[in-house]
Ligand code: 5AD
Ligand code: SF4
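Numbering (the working numbering), first residue to last: 300 to 738.
Okay, structure coming up:
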C-alpha cells in the first residue's frame, strides 16, 4: 500500500477561510490526502489567502518564494494558492511565481479534486470563475465522522455593500444565500455528528434571505427554525452590517434562548463625515440607536466590532468621534486596523493620512478597547455562566470551553465531557481566559 499523500494548508484571515480550509481538506481527502502540520513533509501546500490586510498579495508572493525551495527536496510537491488573493490575482500568480501549480478562487473549491488530478499530470490548474449554479454544492460538509461541538455553517457569501475601502464585493462577488431548507438539513446532520453550537457565517450574514419551505426566509426566520432542532444548544452568527439588523432579528435576540448574547457588528468609524466617505450608509447616531434597541431586549449582549483608523482624510476630530463611540459602546472584543489601500476600490484614489498619525491613532484606540475588554472580563468574576466544553486543557482534569459571551473558560477538575454545556462559577480573569469551577 502506498502511504497517503500529505496536505498542508496555511489559512490566513477570517472564519470564512478557516471553514473553507476544512472543506478543501475534505475535497482533497477524496484524492487520498491526509493533513500534516508542517510544510516540510507535504506533497501539496495550499495557501488559503485573505485580501483584507495590508500588502496581502505581496505577503503571499514572499511566502511562495520561501516555499519554492521545498520543491527541490520533494519533486512531487505541488503548491496552490486559494482564497481572495487567488481570486483577485488569478493567472498573474503563476506568471510571477512559476512554482505555483494551482490557483483556485473561493467559488471553485468543489473542483479541487479535478484540479489536483490535473496538476499531478504536470499541468497547471487555474479556476477563479464565479459559477452561477452549484455555487454552494461544495459547502455541504460530507461524512458521518464525529465533529467538534462548535461548528460553522456558511449561509451566505459575497457582499453588495461596496464600502469604499473594501475588496470583498470584488473578490467574493455579489451576495448569494443558500436555501434555508438545505441549511436546516445540514444543521440536523451536524447535530447528529455531535455538534452543539453553530455559527452561521456570511460576509453579510444578516442580509441572508434564502428559500424555505414556505417562501423566502430572513436570518431571524432561519434562527427560529434552528432553535427547534433538539440537541442544538447554541446559535451565533457573524458578520453583520448595521443596515441589515431587521426588527425580526432584534426581536430574536430577546426571545430565542439559544441565540447567544454576542454580536459582531462592525461600525468602522464614529465620524459621520468619514462614514459617508466610506459609503457605510449609517451614522454614528443610527448605530448607537440600533444598539439601544438591541440592548433593550438583551441588556447583557456583548458587542464586538471592526474599526479602520486613518481612512483617507480622517482628521483628529473624526478620530476623536471614533474614540467617543467606543467609550459609549464598550466593546468586549474589537478588531482595529490601520487603513491600507486596496487598488481598484474608490478610496484608493484619495489622499492618505500620514502613517505616523495613523499609527498613533491606532495605538490609542487599541489601548482603549483593551481596557474595556479587561474590565468586561473582570466583571465576569463571581458570575455563573454556562460553558460549552470544546476540548481538553493542558493540565490533567482541565477542560476548555466558551461562555455565552465567547470568552474562553478553563474549568479545573471537571466532570464535564467535551460537548457538554455546563454551569460554572467564574473565579478568576486572566489576560486571555477565565478560570471557573463547575457547579
Ligand atoms: N484597510 C483596513 N482595514 C480594512 N478592512 C477591510 N478593508 C480594509 C482596508 N482596506 C477591515 C474592516 C472589515 C474587516 C474585516 O477588515 O474593518 O470590517
Ligand atoms: Fe466589505 Fe463593507 Fe461588504 Fe463588509 S459590508 S464585506 S466591509 S464591502
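Think of the CB as a built atom: it goes at the ideal place given N, C-alpha and C, for glycine as much as any other residue.
Cross-strand partners of residue i (DSSP beta bridge)
i           : result
residue 720 : 687
residue 605 : 634
residue 307 : 344
residue 499 : 452 and 536
residue 816 : The structure shown does not extend to residue 816, since the chain is modelled only from 300 through 738, so no value can be given for it.
residue 728 : 733
residue 402 : 380 and 425
residue 510 : 515
residue 709 : 699 and 734
residue 334 : 306
Exposure of residue i, with buried meaning 16 or more beta-carbon neighbours within 10 Å
i           : result
residue 428 : exposed
residue 721 : buried
residue 613 : buried
residue 681 : exposed
residue 394 : exposed
residue 771 : The structure shown has nothing for residue 771, since the chain only spans 300 to 738.
residue 373 : exposed
residue 730 : exposed
residue 568 : buried
residue 701 : buried
residue 519 : buried
residue 361 : exposed
residue 386 : buried
residue 566 : buried
residue 517 : buried
residue 496 : buried
residue 377 : buried
Contact test: residue i Cβ vs ligand 1 heavy atom, cutoff 7 angstroms
i           : result
residue 665 : no
residue 465 : yes
residue 636 : yes
residue 351 : yes
residue 570 : no
residue 606 : yes
residue 468 : no
residue 567 : yes
residue 477 : no
residue 641 : yes
Sequence-distant residues of its chain with Cβ nearer than 8 angstroms to residue i (five each side left out)
i           : result
residue 560 : 552, 597, 599, 600, 601, 703 and 704
residue 592 : 549
residue 457 : 467, 468, 471, 472, 473, 474, 475, 502 and 503
residue 578 : 460, 461, 462, 463 and 645
residue 587 : 624, 627 and 628
Beta-carbon proximity list for residue i, same chain, < 7 angstroms, skipping 5 on both sides
i           : result
residue 500 : 314, 315, 318, 451, 452, 453, 454 and 537
residue 728 : 676, 677, 679 and 680
residue 411 : 323, 326, 327 and 403
Cβ-based neighbour list, residue i, same chain, cut-off 6 angstroms, excluding 5 preceding and 5 following
i           : result
residue 521 : 479
residue 629 : 671
residue 401 : 379, 414, 418 and 424
residue 381 : 345, 347 and 403
Cβ-heavy atom distance, residue i to ligand 2, below 7 angstroms
i           : result
residue 540 : yes
residue 461 : yes
residue 458 : yes
residue 505 : no
residue 314 : no
residue 386 : no
Proximity test, residue i beta-carbon vs ligand 4 heavy atom, cut-off 7 angstroms
i           : result
residue 373 : The model on display carries ligand 1 and ligand 2 but not ligand 4.
Enumerate, from N- to C-terminal direction, the unbroken alpha helix (DSSP H) stretches of 4 or more residues contained entirely within the stretch 537-619. 546-554, 571-576 and 583-596
So within the stretch 625-685, which uninterrupted beta strand (DSSP E) runs reach at least 3 residues, ignoring any that extend past its ends? 632-637
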